[in-house]
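Scroll down for the structure; my scribbles are underneath it.
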Amino acid sequence: MSELTDLGVKAIRDGVAGGSFTAREVAEAFNAAVAEAADLNAFIVTTPDHALAAADAADAKRARGEDLGIMGGVPIGMKDLFATRGVQTTAASHILEGFTPQYESTVSQKLWDAGAGMLGKLNLDQFAMGSSNETSYFGNVSSPWKKNGTNAAMSPGGSSGGSSSAVAARIAPAATGTDTGGSIRQPAAFTGICGIKPTYGRCSRWGVVAFASSLDQAGPMARSVEDCAIMLEAMAGFDPKDATSLKLDVPQWEAGLSADLKGKKIGIPKEYRMDGTDEAILKSWEQGKEWLRDAGAEIVDISLPHTKYALPAYYIVAPAEASSNLARYDGVRYGLRDLPDGAGLQDMYAATRAAGFGDEVKRRILIGTYVLSAGFYDAYYTQAQKIRTLVSQDFEQAFGQCDAILAPTTPTASFPLGSLNEDPLTMYLNDVFAVPASLAGLPAMSVPAMVNDDGLPLGLQIVGKPFDEQGVLNTGLAIQQRAGFDAQPDKWW
Amino acid sequence: MESRKTMSNYRIQGATGEWEVVIGLEVHAQVTSNAKLFSGASTAFGAEPNTQVSLVDAAMPGMLPVPNRECIRQAVRTGMAIEAQINRWSRFDRKNYFYADLPQGYQISQLYHPLVGEGQLLIDADEKAGIPEDKVIGIERIHVEQDAGKLMHDQHPTMSYVDLNRSGVALMEIVSMPDMRSPAEAGAYVRKLRSILRYVGSCDGNMEEGSMRADVNVSVRKPGGELGTRTETKNVNSVRFVMQVIEYEANRQVDVIENGGSVDQETRLFDPGTGTTRTMRSKEDAHDYRYFPDPDLLPLELEDSFLEECRASLPELPDAKRKRYESELGLTPYNARELTAEVETFARFETLLAATAAKIGKSEAKVATQVANWALSVAPGVVKSLGDEADMANATAAAQASILAMQDKGEISGGQAKEIYEIVLKDGGEPETIADEKGLKQVSDTGAIEAAIEEILANNEDKVEQYRGGKDKLFGFFVGQTMKAMQGKANPAVVNQILKDKLG
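If you want it as structure tokens, here you go:
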């Protein structure tokens, strides 16, 4: 039998339920793997006791013949953007260092209710702002992957870089992520795993530290499409505590999985063929079309004419919301307080926020404050909202011609940590293919396609119609079955 | 609107002539609801600091606002009560600024798309106060927003404490047009608005507890001239203070202008101790609030059924009630206005009116004037004369209706009614029993009265002759003698009737 840590969500759940092994054995195996993997810096805190307690509860339920839940006995990693009761929740920031919520986010609670346990809180880009996991106050996260013939630490992507690194390194079978402008899909692509951002409103935002409220969505990251389907089913659902939550029943995505795409049309957006996109990426895209044709789908050309405006619009809307959302971190009620001698309220704000936020967070607060200021609001924020509407309309029209859209997830494969730090704009370009679906609130997934000549994974992105996670998952499954992606990073940690 | 142009005669006499004052008010009214605007926390006044604070109110990481339907309902009903346009589509915006009493770092308010659009409110003519005729004051909008917490500076020598009990409580900001021209009009506006809010039940109107406070915008101009630069005096919490602010600000502005200066557009604070205002912040220091639509909240879309329910739940409002009191109950305009000014007053009146009409067995219209006089003048007089001796728990509608019924039947006189009510208020008890036991009843027994009158006429034959000879005024003498003989307890109407019969 293979190692327990090689197993994914479905295999663990079914194995525990079927008595092949106990949930405690699984939790212990992953706890040990986590403890060994400090070099990845994927976790900010580990919570082995939480994982064990959930495992014991699952084993006890099995002994009593009770239903274990759809995540029964599966230990997972929790992105440290989700508030977890009694466990430090930092958003990878200094300003929230030591903050321990008295409450549990809706999504994490749903996962515990479904039988999952927590291995620890996963590192991320600070306040989910970043595409390389280099903005965390708690240090960079390394990808388990290395570029062939080099030993440089590679980026696991961001902001859910702790999640992608942990799942790719098999120190967690699955992890939560959040996606504001690609923060699930880009790290998934960089590390050769799957990740789905559902339709905006599917997963409650209650208890998730906010970055950009109109864009933030939680989703699962795992090594297979099936595992994503299972975990998303556990995470999703209407929440009266989130006014933007969708009042829809959660479909049985796992049961609905089918790789048969006969009668489906897959759109190929011509505007995604951009300058600066790797040849290997373009090759994987071509390959993706072939796989989907093979699965029975018809490939159609579509146009999303406002694509090139999406990224600039995103970098107005998201920072604008962030500048306001992060105003609550002021040193008054919780988190860091820096009160210099003789300081007044304004001095305390300035000192606390100067010390508590990292450079990228400050940059986005400044951008957001600027674009909302009197005299600039119409030129930036209002225009960006108009573009957002146009981008959404592009998709609406495209979905008149196709059922789902296939595109690359990222313009390049992963890059060495530190290599893009000089130029934030180049870094922002990482999300150029991911951002349009975020602006439109659409379900979108990245699945691994192949490794490039450097031995680094490349992902393909599927964007679906609103609420059609099933179509996205099914398309992903068709790719997964044909890609046969089984590359693994060599263990160096 | 024609009546909006009614000229007030209020003028500031400056060195360069007369000045007209232009006033607009932004009234912040706390919405009556058990829970806050976006959280389930309680809104009760006077709780220990920080005991009514939810995770949302304290702006903990990841917390989200969810609109409280009852607060929206109350604001919609208020809008309907001022005949305003209700916007079926409205939206919440964030007003961003940093302050220690503002946990989120922004206030959720409605700048761009308020819940309630234009409406109006009628202030009543009051000759004595300098309001010669009824006047319509325009209302620009009502929007809904969160209140902030409260800083306490007197709890520690060097630190300020924060109480978040108020944080997130729902407020309606009711913005008038600049339609008022005198302190009296502004005072009447606030009183009328307060009355409507209390009728509707959307705000308790308690200005002392801060449930209602006004930002007062004042400017001066030569009568009918171009609008001057306005100042805004914040958080004024009584009608009297609103009027003081206007008086002070108008005179101050005239002084500034006449001394060659210009009025700064600025925010000012009122000092109730001195009755003056002072600069809080100038235009240069004005915040850039960076308003933008709150991305945590979807636009508010109101359904027909919701609006219908709001409308159906509205009570009869002061103006309509006043008209009905005059037309259906036949009350004088003065009585109608007095009785409808406050919720408590009309509620007591209507209860007593119903009880009295039932007790007597006549229609409400038939007994309304009697009840109105009792409620507005007789009963308050008795209460006042008793002072602390009055136990208002005894002032039941049933007891008062009994007294009024006895009076209506002629069993007791007006004086006896007062005496009986005094006893009721002091000691309790059934008015009928009191009347019997204390002998506080008029004699309507014609036999007894006839006997007394016959004796008086027999003893005063000369006066009877004079009366019959044309000296009509002597009738009063006979009445007086009869009442005296009856020890004041004879029913005057019966006495009059018998005397007229006997004297021929």
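Read top to bottom, the protein sequences are chains A and B.
Counting from 1, position 191 in the first sequence corresponds to residue 1013 in our numbering; the numbering is continuous, with no gaps.
Counting from 1, position 426 in the second sequence corresponds to residue 757 in our numbering; the numbering is continuous, with no gaps.
Glycine residues also receive a C-beta, built at the ideal position from the N, C-alpha and C atoms.
Taking a cut of 8 Å between CB atoms, which residues from the segment 1059-1081 of chain A lie near chain B? The residues in question are Pro1062, Lys1063, Asp1064, Ala1065 and Thr1066.
Roughly how many whole angstroms lie between the Cα atoms of His1128(A) and Tyr1192(A)? Rounded to whole angstroms, His1128(A) to Tyr1192(A) spans 24 Å at the Cα level.
Within 10 Å of its beta-carbon, does Gly348(B) have 16 or more other beta-carbons around it, so buried, or fewer, so exposed? When all chains shown are included, Gly348(B) counts as exposed.
Taking 7 Å as the CB-CB cut-off, is Gly480(B) touching chain A? Closer than 7 Å to the CB of Gly480(B) there is not a single CB belonging to chain A.
By the three-class DSSP mapping on this structure, what secondary structure does Pro1230(A) have? Residue state for Pro1230(A) is assigned as strand, using DSSP reduced to three classes.
Please name the residue, chosen from Ser385(B), Asp424(B), Leu453(B) and Gly461(B), that lies closest to Leu446(B) on a Cα-to-Cα basis. Between Leu446(B) and the set Ser385(B), Asp424(B), Leu453(B) and Gly461(B), the nearest pair of CA atoms involves Asp424(B).
Quick one: does Gly1029(A) have its CB under 7 Å from some CB of chain B? With 7 Å as the cut-off, Gly1029(A) counts as an interface residue toward chain B.
Measuring only between beta-carbons, confirm whether Val397(B) sits less than 7 Å from chain C. The structure shown has no chain C; the protein chains it does contain are A and B.
Report the rounded CA-to-CA distance for Ser986(A) versus Pro1009(A), giving the unit in angstroms. Roughly 6 Å separates the two Cα atoms.
Just the Cα atoms here: how many angstroms apart are Met900(A) and Tyr1137(A)? Per the coordinates, the alpha-carbon of Met900(A) lies some 26 Å from the alpha-carbon of Tyr1137(A).
Reducing DSSP to helix, strand and coil, say where Val576(B) ends up. It is helical.
Using alpha carbons as the reference points, say which of Gln747(B), Ala703(B), Tyr622(B) and Leu683(B) lies closest to Leu1194(A). Of the candidates Gln747(B), Ala703(B), Tyr622(B) and Leu683(B), the residue whose Cα lies closest to the Cα of Leu1194(A) is Tyr622(B).
Which whole-angstrom value describes the C-beta separation of Ser965(A) and Ser982(A), a residue pair presumed to lie in contact below a C-beta threshold of 8 Å? Ser965(A) to Ser982(A), Cβ: 12 Å. No contact.
When you compare the segment 1111-1131 of chain A with the segment 1158-1175 of chain A, are there three or more beta-carbon pairs, one atom per stretch, that lie closer than 8 Å? Contact between the segment 1111-1131 of chain A and the segment 1158-1175 of chain A is absent, because fewer than three Cβ pairs lie under 8 Å.
Check the DSSP bridge columns for Cys641(B) and list the partner residues they point to. In the DSSP assignment, no residue is bridged to Cys641(B).
Can you give the Cα-Cα distance for Cys1025(A) and Ala1165(A), rounded to whole angstroms? Approximately 42 Å, taken between the alpha carbons.
Give me, in chain order, the residues of the same chain whose beta-carbon lies closer than 8 Å to that of Met483(B); leave out the 5 immediate sequence neighbours on both sides. Closer than 8 Å at the Cβ level, and outside the excluded window around Met483(B), lie Pro380, Ser491, Tyr492, Val493 and Asp494.
Considering Lys1019(A), what are the terminal residues of the beta strand (DSSP E) in which it resides? Lys1019(A) -> beta strand (DSSP E) spans Cys1016 to Lys1019.
Compare the C-beta of Ser1035(A) with all C-beta atoms of chain B and state if any pair is closer than 7 Å. Taking a beta-carbon distance threshold of 7 Å, Ser1035(A) counts as an interface residue toward chain B.
Under the assumption that Val831(A) contacts Met893(A) (Cβ atoms under 8 Å), give the Cβ distance between them as a whole number of angstroms. Indeed they touch by this definition, with Cβ atoms about 7 Å apart.
Whose C-beta lies closer than 7 Å to the C-beta of Arg668(B) among residues of the same chain, with five residues either side of it excluded? Answer for Arg668(B): Asp455 and Arg653, listed in chain order.
Outcome for Asn790(B) when other beta-carbon atoms lying within 10 angstroms are tallied against a minimum of 16: Burial call: exposed.
Taking all protein chains shown into account, decide if Asp839(B) is buried (16 or more other Cβ within 10 angstroms of its Cβ) or exposed. Given that chain B is displayed from residue 332 to residue 835, the structure contains no residue 839(B) and the question cannot be resolved.
In this structure, does DSSP put Leu1212(A) in helix, strand or coil? In the structure shown, Leu1212(A) falls within a helical segment according to DSSP collapsed to helix, strand and coil.
Would you say Val594(B) and Ile354(B) are within 7 Å of each other, going by their C-beta atoms? Taking 7 Å as the Cβ cut-off, Val594(B) and Ile354(B) do not qualify as a contacting pair.
If you follow the alpha helix (DSSP H) that Leu834(B) is in, where does it begin and where does it stop? Membership of Leu834(B) in the alpha helix (DSSP H) is indicated by the continuous run Pro823 to Leu834.
Determine whether the Cβ of Phe677(B) lies closer than 7 Å to any Cβ atom of chain A. No, Phe677(B) lies away from the interface with chain A (no Cβ there is under 7 Å from its Cβ).
Spatial neighbours of Cys641(B) in its chain, beta-carbon cut-off 7 Å, leaving aside the 5 residues before and after: Taking C-beta separations shorter than 7 Å and ignoring five residues to either side along the sequence, the partners of Cys641(B) in its chain run Arg404, Val407, Arg408 and Met411, following chain order.
What is the DSSP secondary structure of Leu662(B), counted as helix, strand or coil? Look at Leu662(B) here: in three-state DSSP terms it is coil, with no helix or strand label.
Under 9 Å (Cβ pairs) to chain A, residues found in the segment 491-515 of chain B: Within the segment 491-515 of chain B, contact with chain A at the beta-carbon level (separation under 9 Å) is assigned to Ser491, Val493 and Leu495.
Determine the direct distance from the alpha carbon of Thr1000(A) to that of Asp935(A), and round the result to whole angstroms. In a straight line, the C-alpha of Asp935(A) is about 20 Å away from that of Thr1000(A).
Within 7 Å of any Cβ in chain A, is that where the Cβ of Arg621(B) sits? In terms of beta-carbon proximity, Arg621(B) lines the interface with chain A, with at least one pair separated by less than 7 Å.
Could you check where the beta strand (DSSP E) with Thr813(B) kicks off and where it finishes? Taken as a continuous stretch (DSSP letters only), Thr813(B) belongs to no beta strand (DSSP E), being part of the alpha helix (DSSP H) at Leu805 to Ala816.
Does DSSP classify Asn568(B) as helix, strand or coil? Three-state DSSP puts Asn568(B) in coil, outside helix and strand.
Under 9 Å, CB to CB, which of the residues in the segment 1125-1159 of chain A have a partner in chain B? Answer in chain order: Val1139, Ala1142, Glu1143, Ser1145, Ser1146, Asn1147, Leu1148, Ala1149, Arg1150, Tyr1151, Asp1152, Val1154, Arg1155, Tyr1156 and Gly1157.
Cβ-Cβ separation, Asp546(B) to Thr564(B) (assumed contact under 8 Å), whole Å: Confirmed, about 7 Å.
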